[in-house]
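Asks: If you read the sequences in order, they're chains P and U. Each residue of the first sequence is one higher than the one before, counting from 1 in full-length UniProt numbering. Each residue of the second sequence is one higher than the one before, counting from 1 in full-length UniProt numbering. Note that the Cβ used here is the ideal one computed from N, Cα and C, for glycine as well.
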Amino acid sequence: MSLRNYDITNNMKSNNILQEAKQAIEQAQSQSVLEELRVKYLGRKGIVAEFFAQLTKLKGDERARQGQELNALKHEITRALEQRENAMQTLALEKLAEAEALDVTLPGARLPYGHLHITTQAIEEISRIFAQLGFQRMRYPEIDWDYYAFESLNMPKGHPARDEWETFFIAGSQQTLTRPNGHPLPEREGRVRAAEHPKLGRMVLTPHTSNGQVREMERRRPPIRMINIAKCYRRQSDVTHAPMFHQFEGLLIDRNVSVTHLKGTLDYFARAYYGKDRRTRLRPFHFRFTEPSFEIDISCGICGGTGEIHGERCKVCKSGWHELGGAGMVHPNVLKAGGIDPKEYSGFACGWGIERMLMMKLKLSDIRAFYIADLNFLEQF
Amino acid sequence: MNLMVSYNWLREYLPGLKASPEEVAQKLSLHAFSVERWWRTDEGLENIVIGKIVKIEKHPNADKLRVVMVEVGDVPLFATKKGNVPIVCGGTNLFEGQLVAVALPGAKVRWHGEGEQVEMKITEIRGVKSEGMICAANEIGLEALTLHPLPRGEGEGGGKREILDLTWTKAKPGTPLAKALGLDDTVMEIEITTNRPDAMGMIGLAREVGAILGVKFQIPSTKFQTNPKSQIQKSLEVKVEVPKLCPRYMAVVMEGVKVGPSPWWLKRRLIASGVRPINNIVDITNYVLLEWGQPCHAFDAAKLQHTNNTRNGDEQTRTEIVVRMGKKGEKILALDGNTYDLDENILVIADANPSSSAKQHYGAGRPVAIAGIMGGEETGVHADTMRIVYEIANFDPVTVRRGEHQLGLSSDSSARFNKGLPTQLPEFAAARLAELTKQVAGGEVVQVVDRKPSLGLRPSSPLGRGQGEGNKVKVSPQDISRMIGVEIPATQMKKYLTGLGFKVAGSANKWSVTFPYWREIEAGGLADIAEEVARMYGYHNLPSVLPAGAPPDEPPNIQFAQERMIKEILRGAGLTELYTYSFISADEILRAGLKVENAVALQNPLSSEITHMRPWLGISMLLSIKKNEEAGKMLKFFELSSEYHPRMGELPEERQKLIVSCAGREERDGQHFFGLKGIAEHLAYVLGLSDFSFEKIAKSEKTPWASRYHPGRVLLCKAGRDILGVVGELHPSLLKAYGIEQRVAFLEWEAKVLLPLIGSGRVYRAPLSYPPVKRDIAFVAPKTVEYATLVAAIQQIDPLLHKVELFDLYEGKGVPEGSRSVAFHLSYVSPERTLTAQEAERVHEKLVKMLKDKFGAKIRN
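(1) Pull up the distance between the alpha-carbon of P:S127 and that of P:K231, whole angstroms please.
(2) Could you tell me the alpha carbon to alpha carbon distance between U:E577 and P:Q380, rounded to whole angstroms?
(3) Could you tell me if U:E154 is buried or exposed, where buried requires 16 or more neighbouring beta carbons within 10 angstroms of its beta carbon?
(4) Using Cβ-Cβ distances below 9 Å, what residues of the stretch 120 to 138 of chain P are close to chain U?
(5) How many angstroms separate the CA atom of U:L463 from the CA atom of P:I340?
(6) DSSP state of U:R765, grouped into three classes?
(7) Measuring alpha carbon to alpha carbon, tell me which residue in U:R721, U:H731, U:A103 and U:K702 is nearest U:V714.
(8) Would you tell me roughly how many angstroms separate the C-alpha atoms of U:R482 and U:A107, rounded to the nearest one?
(9) When Cβ atoms are compared, which residues of the stretch 273 to 285 of chain P fall closer than 7 Å to chain U?
(10) Given a threshold of 16 other Cβ atoms within 10 Å of its Cβ, counted over all protein chains shown, does P:G320 qualify as buried or as exposed?
(11) Could you check what DSSP says for P:W165 in three-state terms: helix, strand or coil?
(12) Are the C-beta atoms of U:T186 and some chain P residue less than 8 Å apart?
(13) Quick one, which of U:P772, U:D776 and U:I659 has its alpha-carbon nearest U:A751's?
(14) Would you kindly work out how many angstroms separate the C-alpha atoms of U:K239 and U:G16, rounded to a whole number?
(15) If the criterion is Cβ atoms closer than 8 Å, does the pair U:L409 and U:G380 meet it?
(16) Buried or exposed for P:H117, please, with buried defined as at least 16 other CB atoms from any protein chain shown within 10 angstroms of its CB.
(17) Are there 16 or more other CB atoms within 10 angstroms of the CB of U:P477, so buried, or fewer, so exposed?
(18) Looking only at C-alpha atoms, which of U:A523, U:F746, U:R571 and U:L606 sits nearest to U:S620?
(19) How about P:A97: is its C-beta nearer than 8 Å to some C-beta of chain U?
(20) Going straight from the alpha carbon of U:T514 to that of U:M188, what length do you get?
(21) If you count every other CB in all the chains shown that lies within 10 Å of the CB of P:Y113, and 16 or more means buried, which is it?
(22) Rounded C-beta distance between P:I129 and P:F248? I'm assuming under 8 Å.
(23) Given this structure, state the Cα-to-Cα distance separating P:A131 from U:V726, to the nearest angstrom.
(24) Roughly how many angstroms separate the alpha carbons of U:E469 and U:A523, rounded to a whole number?
(25) Does the beta carbon of U:N8 sit closer than 8 Å to a beta carbon anywhere in chain C?
(26) Between U:R196 and U:R519, what straight-line distance do the alpha-carbon atoms span, to the nearest angstrom?
(27) Just curious, the alpha helix (DSSP H) that P:K318 is in, first and last residue?
(28) By the 10 Å Cβ neighbour count, where 16 or more other Cβ atoms means buried, how is U:G157 classified, buried or exposed?
(29) Tell me whether U:T491 is buried or exposed, calling it buried when 16 or more other Cβ atoms sit within 10 Å of its Cβ.
(30) For the stretch 540 to 553 of chain U, enumerate the residues whose C-beta is nearer than 7 Å to any C-beta of chain P, in chain order.
(31) With 7 Å as the limit, tell me which residues of the stretch 565 to 581 of chain U have their beta carbon closer than that to any beta carbon of chain P; keep them in chain order.
(32) Looking at the secondary structure, which residues open and close the alpha helix (DSSP H) in which P:G212 lies?
(33) Which residues does DSSP pair with P:N16 in a beta bridge?
(34) Mind checking who P:I224 pairs with in its DSSP beta bridge?
(35) Residues of the stretch 473 to 494 of chain U in Cβ contact with chain P at a cutoff of 7 Å, in chain order, please.
(36) Quick check on DSSP: helix, strand or coil for U:F746?
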């Protein structure tokens, strides 16, 4: 196309150019064609620029009129280009799904899977719930003196209640103690390691977490709100008993503490841990270190504590309730052992086995699965 | 102690009881004792009735069978006429007029007592219609009826092909069998808590149920029925040598008893209670134990050694019972068939020494019973016994319990004695024994001895209260209410207490509450009284209230949050947490190359696998790796748990340790090591440890890890000067000892050192105000120059050098043998101004020169 054809003096109507340009723009199928057209018409050496250059040939009114017409032409072409460009973009977006398709069903870039032991998770959850009520978690020895495990808990020497805990005792040693590097310890440090204290009695593996009770009372004055979650040991091993297990123990001592406060605390736990519809029930029981003592039941999650579903006995609980653990008001003798005046203060203690609680929640049948380091078991959590 | 309780028996003491067994069970659980389960005793006896044999005829087609017409009462569906049904039967002991158990269609039976249960149907046997079955005992689960011979006429038919003869029941034909045998009952299994030996018998339990349900409770009258005309002999003498350990000893001598099987009603109750019937005399002692909770024992008087003295020409035969401590060397053959060695810790009942004179009787004779635990076989009651001595005594609970432990022997009796029984009980039990014996076995009471050497002088045992303390408690109803947390009217409280046998006296605010004798062992203070009131009110009826008052004013114990953080970081890094037993075996300790005597040993191990507390957490980790080795996976575990180290004169140290492990087949050498080194760096970074560094361990160093770790693949981990522990591969010889074939690496840190350092390196630095100038540098250096040495030298070059980051490490083609190519990203920055390219270039040139001069590096482009 030669510019001569568009000699402005030939009285050529810019209209024709406009139509020609619009048609070309309309038919453009790609961004590059569109760009070519833009250069052709609106470029520095384009047709419109050429016309503007020729304006100098005209005079007076004619020049002004043609000038206006040219501006209008430039504007129209610009608009046409923009419109076409927008239209093409819309079209492209419509086809985006096909044009840039990924097989999104391929697996994600996998991060390594790690697993926290289910006991850790339960301990964390219980701690968090009791922390809301101001209970502080503490840690006390797993190997402790008889005094803390039994004597101070109102179980004097020779008491038959001690038989209920299948207790492991620590043996004394006659051998020479050596340092880890194999060198014997100096003579003055003695050669006989006794597993007995003149006042505190024998060393035992704590069969429960209640050894923390008097230790906590010795550590601080009331108010006391303490939880102790720790490993416990008993000489038994079967489907429901492992020689090592974890127990939870809660202790609260303050002025005017009554049974209703124990109940309130347990109900709070039941709602937080098991669900808002769950509640607890206390039944009479006997422990030496609490008086009165209770067994704690938790309402069945299936039948809601009624023991019945559509008129038939609930198959899960059979009675509406599951046994959770034990509790009671701290025995005055235990308070006294902790140096606390039972006339001024009272308190409650409660506790249960973590594994038992989890077995109930997860419907596990063998407690020993927890501690045999079986990868298939551990990878579920 | 779990007690099996017959509902019908219980009701004997509660004539007004209307509540169903289920209701009783529920109320007991809520107010007193947990009822763990209950079951009907007539289960499986449905559609079995008493039938009367009307006519016996020969079977036309079989020699050994009979066609029996049996009257089964009003069973309209099956009766041919007037309640008579024809039954084909092979029993050999049938006679007309005999009462038998008839299984009607629908009943469940076990043919000849074998195989699965089958449902009865009307059938034809060899062409003759049979509408039921005349049962043998083992076909309907009633072996108990024939296991031990019953008195004549009762339950005959234990022989082969013999049917169960129930003529003795005198039941009307058509009576359900269960009803005729008194098996229309419910048995509850109840857990009686150790503080309530008073409820370890039907009477105590009935008293409790009566108080809970408000039903009047009746004890059968118990008075001695001695025949005044019969000559009362004084031939038995009881000596108690250790009064403190035997506060009361009653002996009842009965003559003319006839030993034999017990009647069905007695057997039935024993069976329901889980006690095996033996003979009438032994059964009676068990019955009284079950009823009163007072253990009793029967001696054959003739078998007790006696002394013969001649006084004034008359020969006197005297039997002696001596309560004394055992002696070293003494033995006894107990009723369980085992022989037990006795010594001075065991309380025994001994008889007289026949050769000794009256003056020498103390300490003589032989043990005839282990006091409170078990009687001796030689002096027990046998079929030919005619004269018996009943022992109804009270023994010291601690002594009994110690005896049980020492001998490894316990019984229903010792289980009650070791809880502490009231000294008042024997007189009731003695009267009941005499009464039942007369009724069941005949005979007369000829002597009653009652020794109360220390009654009212309770030993200061842990079960009771201190000497001299009474059984009265001063309390106020207000205190009781405060302890329970609800207002309960004083009159209501009083009602609860008196219902249980407590006596309440005093003014409105000052009560004096007296414990009944059967609850004396519990007598304490306010808490005991509040407990009684609260449980009768019902714990389940108490409101739920959150504790008021301020929580303890104390900052939280952060170690738990820190432990949790460590665990979360490791979980996020793809590791699996383990929990393993804290104990291991001596063998495992030796295999780890450690000394057994340096580990905390258990005195009473559970098994040969559980003998010591682990002295090194790594042992548990190695065992876990070995266990999972076959899975063929990469094993990435961690455990944060204790090790146990003995200390002189104090409790062992429970040292918390973190062990992270990598095991399984490596894809390239050093993979586990560098994986864990990366974990160490990651932990140090996320936990914010200050001045974290690794340090090589000199070969000469004698650290605990020297022998456990691979000498060329281990690093000390430090934060500042604190040694956290090590990261390294385990020594091949240690792995070999554990049978692990692949390489294993551990990160082993002390929690005690680690926890206080968490967050120590988190120092706030203002963001960089001026842009850094970035440069890369790549050079070839000899491999003998360690990476750490290079980095240290580069970092020291100039304060403007801000960051050094390794991005490539290469050796092989294009790089001379013995050298490697190393490339770093470097960034230069000034805290005061924007660096010019020239300034950065100057430092860079200095660096290049240093690398060339110091390490002979060749810079690559």
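Replies: On the basis of the supplied data:
(1) Here the question's residue 127 of chain P lines up with position 127 in the first sequence. Here the question's residue 231 of chain P lines up with position 231 in the first sequence. Within the model, the alpha-carbon separation for P:S127 versus P:K231 is close to 15 Å.
(2) As a first step, residue 577 of chain U must be located in the second sequence, where it is residue number 577. As a first step, residue 380 of chain P must be located in the first sequence, where it is residue number 380. Taking the straight line joining both Cα atoms gives about 12 Å.
(3) To locate residue 154 of chain U, count along the second sequence from 1; it is residue 154. Because the pLDDT at U:E154 is just 45, under 50, the model does not fix this residue reliably, and the point stays unresolved.
(4) Answer in chain order: T120, I123, E124, S127, A131, L133, G134, F135, Q136, R137 and M138.
(5) Within the second sequence, numbered from 1, the residue matching residue 463 of chain U stands at position 463. Within the first sequence, numbered from 1, the residue matching residue 340 of chain P stands at position 340. Reliability of the predicted coordinates at U:L463 is poor, the pLDDT of 37 falling under 50, and the value obtained from them is presented with this limitation in mind. Distance between the alpha carbons of U:L463 and P:I340: 23 Å.
(6) By 1-based counting over the second sequence, the position of residue 765 of chain U is 765. Looking at U:R765 - three-state DSSP - the assignment turns out to be coil, as it is neither helix nor strand.
(7) As a position in the second sequence, residue 714 of chain U is number 714, starting the count at 1. Here the closest residue by C-alpha is U:H731.
(8) Counting from 1 along the second sequence, the entry for residue 482 of chain U is found at position 482. Counting from 1 along the second sequence, the entry for residue 107 of chain U is found at position 107. Near 59 Å, if we compare the C-alpha coordinates of U:A107 and U:R482.
(9) R281, L282, R283, P284 and F285: these are the residues of the stretch 273 to 285 of chain P whose beta carbon lies less than 7 Å from some beta carbon of chain U, given in chain order.
(10) By one-based count along the first sequence, residue 320 of chain P stands at place 320. P:G320 comes out buried.
(11) In the first sequence, counting from the first residue as 1, residue 165 of chain P sits at position 165. Here DSSP, grouped into helix, strand and coil, assigns P:W165 to coil.
(12) On the second sequence, position 186 is the one that residue 186 of chain U refers to. So, not an interface residue.
(13) Locating residue 751 of chain U in the second sequence gives position 751, counting from the first residue. Checking every option, the nearest Cα to that of U:A751 belongs to U:I659.
(14) Taking the first residue of the second sequence as position 1, residue 239 of chain U is located at position 239. Taking the first residue of the second sequence as position 1, residue 16 of chain U is located at position 16. Computed Cα separation, rounded: 45 Å.
(15) If you number the second sequence from 1, residue 409 of chain U lands on position 409. If you number the second sequence from 1, residue 380 of chain U lands on position 380. At a Cβ-Cβ threshold of 8 Å, U:L409 and U:G380 do not count as neighbours.
(16) Numbered from its first residue, the first sequence carries residue 117 of chain P at position 117. P:H117 comes out buried.
(17) As a first step, residue 477 of chain U must be located in the second sequence, where it is residue number 477. When all chains shown are included, U:P477 counts as buried.
(18) Along the second sequence, one-based indexing puts residue 620 of chain U at 620. Here the closest residue by C-alpha is U:F746.
(19) Here the question's residue 97 of chain P lines up with position 97 in the first sequence. Answer no: the Cβ-Cβ gap between P:A97 and chain U never drops below 8 Å.
(20) Here residue 514 of chain U refers to the residue found at position 514 of the second sequence. Here residue 188 of chain U refers to the residue found at position 188 of the second sequence. Taking the straight line joining both Cα atoms gives about 31 Å.
(21) In the first sequence, counting from the first residue as 1, residue 113 of chain P sits at position 113. So P:Y113 counts as exposed.
(22) To locate residue 129 of chain P, count along the first sequence from 1; it is residue 129. To locate residue 248 of chain P, count along the first sequence from 1; it is residue 248. With a Cβ gap of about 11 Å, P:I129 and P:F248 do not count as contacting.
(23) Stepping through the first sequence from its first residue, residue 131 of chain P is reached at position 131. Stepping through the second sequence from its first residue, residue 726 of chain U is reached at position 726. One C-alpha to the other measures close to 35 Å.
(24) Residue 469 of chain U sits at position 469 when you count from the first residue of the second sequence. Residue 523 of chain U sits at position 523 when you count from the first residue of the second sequence. Residue confidence for U:E469 is low, a pLDDT of 44 falling below 50, so the modelled location carries little weight and cannot support an answer.
(25) No chain C is present in this structure, whose protein chains are P and U.
(26) Counted from its first residue, the second sequence places residue 196 of chain U at position 196. Counted from its first residue, the second sequence places residue 519 of chain U at position 519. Rounded to whole angstroms, U:R196 to U:R519 spans 8 Å at the Cα level.
(27) One-based indexing of the first sequence puts residue 318 of chain P at position 318. Per DSSP, P:K318 belongs to no alpha helix (DSSP H) and is neither H nor E.
(28) In the second sequence, the residue the question calls residue 157 of chain U occupies position 157. Any reading at U:G157 is ruled out, since the residue's pLDDT is 42, under 50, leaving its predicted position unreliable.
(29) Stepping through the second sequence from its first residue, residue 491 of chain U is reached at position 491. Result: exposed.
(30) For the stretch 540 to 553 of chain U, residues whose beta-carbon sits nearer than 7 Å to a beta-carbon of chain P comprise H540, L542, P543, S544, V545, L546, P547, G549, A550, P551 and P552.
(31) Using a CB distance below 7 Å, the part of the stretch 565 to 581 of chain U facing chain P consists of K567, L570, R571, G572, A573, G574, L575, T576, E577, L578, Y579, T580 and Y581, ordered along the chain.
(32) Stepping through the first sequence from its first residue, residue 212 of chain P is reached at position 212. Residue range N211 to R219 is occupied by the alpha helix (DSSP H) that includes P:G212.
(33) Position 16 of the first sequence holds residue 16 of chain P. Bridge partners of P:N16: none, in fact.
(34) Along the first sequence, one-based indexing puts residue 224 of chain P at 224. Under DSSP, P:I224 takes part in a beta bridge, and its partners are P:I253.
(35) Under the 7 Å Cβ criterion, the stretch 473 to 494 of chain U contributes R482, M483, I484, G485 and V486.
(36) For the purposes of this step, residue 746 of chain U is taken as the residue at position 746 of the second sequence. Here U:F746 sits in strand by DSSP.
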